[in-house]
Amino acid sequence: MAYKSLAECVYDLEKHGYLIRIKEEVDPYLEMAAIHLRIYENRGPAILFENIKGSPFPAVSNLFGTLERSKFIFRDTLPKVQQLVSLRNDPMKALKNPFKYAGSALSALSALPLKTPSAKNRFLKTSISKLPQIVNWPMDGGPFVTMPQVYTEDVTKPGVMNSNLGMYRIQLGGNDYIQDKEIGLHYQIHRGIGVHQSKANAVGEPLKVSIFVGGPPSHPLAAVMPLPEGLSELTFAGALGNRRFRYFYDDEGFCISADADFIITGMVYPNENKPEGPFGDHLGYYSLTHPFPLMKVHNVYHKKDAIWSFTVVGRPPQEDTSFGALIHEITGSAIPQEIHGLKEVNAVDAAGVHPLLFAIGSERYTPYLKERKPQEILTIANHILGKNQLSLAKYLFIAAREDNEDLTTHNIADFLQHILERIDFKTDLHFYTNTTIDTLDYSGDGLNSGSKVVFAAAGNKKRTLWDKFPEGLKLPEHFKNATIAIPGVFAIQTQKYQSAEKTAAEIATLNIALMDTDLTGLPLIVLSDDANFTAENINNLVWVTFTRSNPAADIYGVNDFIVNKHWGCKGSLIIDARKKPHHAPELIKSAPVEIKINEMAKEGTSLFGII
1 MAYKSLAECV
11 YDLEKHGYLI
21 RIKEEVDPYL
31 EMAAIHLRIY
41 ENRGPAILFE
51 NIKGSPFPAV
61 SNLFGTLERS
71 KFIFRDTLPK
81 VQQLVSLRND
91 PMKALKNPFK
101 YAGSALSALS
111 ALPLKTPSAK
121 NRFLKTSISK
131 LPQIVNWPMD
141 GGPFVTMPQV
151 YTEDVTKPGV
161 MNSNLGMYRI
171 QLGGNDYIQD
181 KEIGLHYQIH
191 RGIGVHQSKA
201 NAVGEPLKVS
211 IFVGGPPSHP
221 LAAVMPLPEG
231 LSELTFAGAL
241 GNRRFRYFYD
251 DEGFCISADA
261 DFIITGMVYP
271 NENKPEGPFG
281 DHLGYYSLTH
291 PFPLMKVHNV
301 YHKKDAIWSF
311 TVVGRPPQED
321 TSFGALIHEI
331 TGSAIPQEIH
341 GLKEVNAVDA
351 AGVHPLLFAI
361 GSERYTPYLK
371 ERKPQEILTI
381 ANHILGKNQL
391 SLAKYLFIAA
401 REDNEDLTTH
411 NIADFLQHIL
421 ERIDFKTDLH
431 FYTNTTIDTL
441 DYSGDGLNSG
451 SKVVFAAAGN
461 KKRTLWDKFP
471 EGLKLPEHFK
481 NATIAIPGVF
491 AIQTQKYQSA
501 EKTAAEIATL
511 NIALMDTDLT
521 GLPLIVLSDD
531 ANFTAENINN
541 LVWVTFTRSN
551 PAADIYGVND
561 FIVNKHWGCK
571 GSLIIDARKK
581 PHHAPELIKS
591 APVEIKINEM
601 AKEGTSLFGI
611 I
């Protein structure tokens, strides 16, 4: 649909039964987020909060809460945009089938940004403190913008066609920010805005930043899309929304999205930072307080019928999970086309996305051998770990497609079992130590600092995985509640983590106890604080295992060894997935707020029958 505004989208969703209104006054401190989480967990509708305590503006969330709803929103444009992205990845398609792709070039041209100076008259001014001050989690450092479109331009090549539109969280208040005059921007230097800031710093100029909130739903989606090089986010927004991205410049030279509901403008000056955070993040933990760029606010604009747009970030699955599913619908096999021999790759949402990747690649290097072994897939693994956001991964499990053409990375348990049936822990683990990981991941020993490991498996099955314990298995003192999580993987509960030295001693004790025990069918042992929780379901297993461990520090093995600087083990692999003192706290809902939400769901209320 060619929505001209967020309001048009809201009314269209309501008309078709995809949205509910909450008329009761709701507190933006925890309550709005709690309602959103309950409704999302029940695969419920989008939510329009009409009466927000402390703000004159309504707010909408959960727009993209299901893939079905997202596809409904873009029902008229998805095929066209899929074609456009496909052509950017493989321009030869147009030459091979010119009639099929004849309209794609026209689509891109008709989606070019459109300057509309007359739109200036549609905007009024407000202040940061009058915006909905939404706080999602009890330990958050203040209210955050969670669905922003952050716009910057290249100071060396100004103009909208060299701009960046990205989604980076914005802290509106709290900490040391001067209310209504300063806000915080959280982004890494390698992102588009970071490149622009580096160029501005190099010439000693402040970076002009415009933050858009709301507008047609194609705009926030464009801000998170992993677009092919050279395809502008503004052009993509125009193509996806079937409406050109309209903009103008205000009297101070800031670019303004003419269709946005709210715009915050301001300057980021060289080397001016303030503490930002904590913030409940998508790994299921808080990202802690760290210095991030400070933005000095110039103006806050809004349309007359403005609707604030937000989402809630937390342990997956969340609305950004559905966002990711829609992105996959659009981009399809874009990444495999860029890496020769890669069939598919999946950033596992249940493990917080960035910590864990599954991949399938071709293994054709040694066709003359009776038994395949990982070679080509190791080359592919190096490509993956050097690719954009995929480079943030800590664990990469990669299989050879020739071993099972029907294997998919999207069935977590089946894929893990396929790897564990074939991997040789003496040769097939490959570590990258003292490297970078996701800034939001605190499993390493410093900010943005940790390690990576590749689990590579190719060839015939080496073992049959057990779904029950061998009789007579005895564990040392402090190791208890041994529970089979999935065939081949068992979780063991042990005492609270104390130190690396203490852990080494514990592992040595476990190693001695198990080194003469036949555990052929149980190749992976996960140490955890709560074995029953870890083994309860596959989502818990991968979340605990891969968000609470740093490969180089937390992987051990029964009968381990080092040969030519290569680490391996002859028995089961052990991953210590207990909470460590340097880890960030996990996200826990507010019990009093949950009780209040239960009251709000009684008969006669807006939430009755919804949660």
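Each residue of the sequence shown is one higher than the one before, starting from 1 at the first, in this note's numbering. Every residue, glycine too, gets a C-beta built ideally from N, C-alpha and C. In this text the structure is predicted, and so the values were computed from the model without any measurement.
Beta strand (DSSP E) segment containing residue i, residue limits
i      : result
GLN375 : Per DSSP, GLN375 belongs to no beta strand (DSSP E) and is neither H nor E.
LEU527 : 524 to 528
THR265 : 262 to 276
LEU13  : It is not in any beta strand (DSSP E) - LEU13 instead sits in the alpha helix (DSSP H) that spans 6 to 15.
MET295 : 290 to 303
PHE566 : According to the sequence as given, residue 566 is His; it is not Phe. Unbroken beta strand (DSSP E) run through HIS566: 566 to 569.
THR433 : 429 to 436
ASN550 : It is not in any beta strand (DSSP E) - ASN550 carries neither H nor E in the DSSP assignment.
VAL60  : 59 to 61
SER210 : 207 to 213
ILE339 : Per DSSP, ILE339 belongs to no beta strand (DSSP E) and is neither H nor E.
ASN164 : 163 to 166
Closest Cα partner of residue i within the set the options
i      : options                        : result
GLU25  : HIS36, PRO58, LEU524, CYS9     : PRO58
ILE20  : ASP27, GLU363, GLU31, HIS36    : HIS36
ASP467 : GLY521, VAL213, GLY266, ALA34  : GLY521
LYS303 : ASP424, PRO45, ASP259          : ASP259
MET161 : ASN121, MET139, ALA111, PRO148 : ALA111
ALA591 : PRO113, ILE134, PRO138         : PRO138
GLY159 : LEU234, PHE546, ASN382, LYS125 : LEU234
THR534 : ILE574, ALA485, HIS219         : ALA485
ILE22  : GLY192, LYS53, ASN540, LEU465  : LYS53
GLY241 : ALA2, HIS583, ASN481, ALA508   : ALA2
PHE74  : PRO206, VAL195, PRO216         : PRO216
LEU165 : TYR177, PRO275, VAL224, GLU376 : VAL224
HIS430 : THR464, PRO79, TYR395          : TYR395
Coarse secondary structure for residue i, derived from DSSP in three states
i      : result
ASN481 : strand
ASP560 : strand
ALA94  : Reliability of the predicted coordinates at ALA94 is poor, the pLDDT of 37 falling under 50, and the value obtained from them is presented with this limitation in mind. Helix, per DSSP.
MET32  : helix
ASN532 : helix
THR494 : coil
GLY446 : strand
THR146 : coil
VAL593 : helix
LYS130 : helix
VAL489 : strand
GLN179 : coil
GLU363 : coil
ASN136 : coil
LEU112 : coil
Neighbour-count burial assignment, residue i, 16 or more Cβ in a 10 Å radius
i      : result
ARG401 : buried
GLY65  : buried
VAL145 : buried
SER198 : exposed
ALA505 : exposed
PRO470 : exposed
ASP428 : buried
LYS343 : buried
ILE384 : buried
HIS282 : buried
VAL345 : buried
HIS219 : buried
ASP406 : exposed
GLY284 : buried
Boundaries of the alpha helix (DSSP H) in which residue i is found, first to last residue
i      : result
ILE412 : 412 to 422
ARG69  : 67 to 73
GLU182 : First-last for GLU182: 182 to 185, but that is the beta strand (DSSP E), not the alpha helix (DSSP H).
SER322 : 319 to 331
GLY241 : 233 to 241
GLU501 : 500 to 514
PHE192 : In the sequence as displayed, the identity of residue 192 is Gly instead of Phe. Taken as a continuous stretch (DSSP letters only), the alpha helix (DSSP H) holding GLY192 covers 192 to 202.
SER218 : 218 to 224
Cβ of residue i within 8 Å of any chain C Cβ
i      : result
GLY604 : Given the protein chain composition of this structure (a single chain), no chain C is represented.
- May I ask you to verify whether the stretch 434 to 449 touches the stretch 402 to 418, counting CB pairs closer than 8 Å and requiring at least 3? Because the criterion of three Cβ pairs below 8 Å is not met, the stretch 434 to 449 and the stretch 402 to 418 do not touch.
- Query: Do three or more CB pairs link the stretch 382 to 402 to the stretch 452 to 460 at distances below 8 Å?
  - Reply: Flag = yes, the stretch 382 to 402 and the stretch 452 to 460 touch.
- Query: Taking contact to mean at least 3 C-beta pairs separated by less than 8 Å, is the stretch 111 to 131 in contact with the stretch 234 to 243?
  - Reply: Because the criterion of three Cβ pairs below 8 Å is met, the stretch 111 to 131 and the stretch 234 to 243 touch.
- Item | Contact the stretch 180 to 191 vs the stretch 349 to 361: 3+ CB pairs below 8 Å | The stretch 180 to 191 makes no contact with the stretch 349 to 361: fewer than 3 CB pairs, one atom from each, lie closer than 8 Å.
- Indicate whether the contact test is met: 3 or more Cβ pairs, each with one atom in the stretch 43 to 51 and one in the stretch 288 to 300, closer than 8 Å. Using a C-beta cut-off of 8 Å, the stretch 43 to 51 makes no contact with the stretch 288 to 300, since fewer than three inter-stretch Cβ pairs fall below that distance.
- Item | At least 3 beta-carbon pairs within less than 8 Å: the stretch 245 to 263 vs the stretch 553 to 561 | These segments do not touch.
- Message: With three or more beta-carbon pairs closer than 8 Å as the criterion, would you say the stretch 472 to 480 touches the stretch 499 to 518?
- Response: Yes: at least three Cβ pairs fall under 8 Å.
- Does the stretch 307 to 326 come close enough to the stretch 127 to 142 that 3 or more CB-CB pairs lie under 8 Å? These segments touch.
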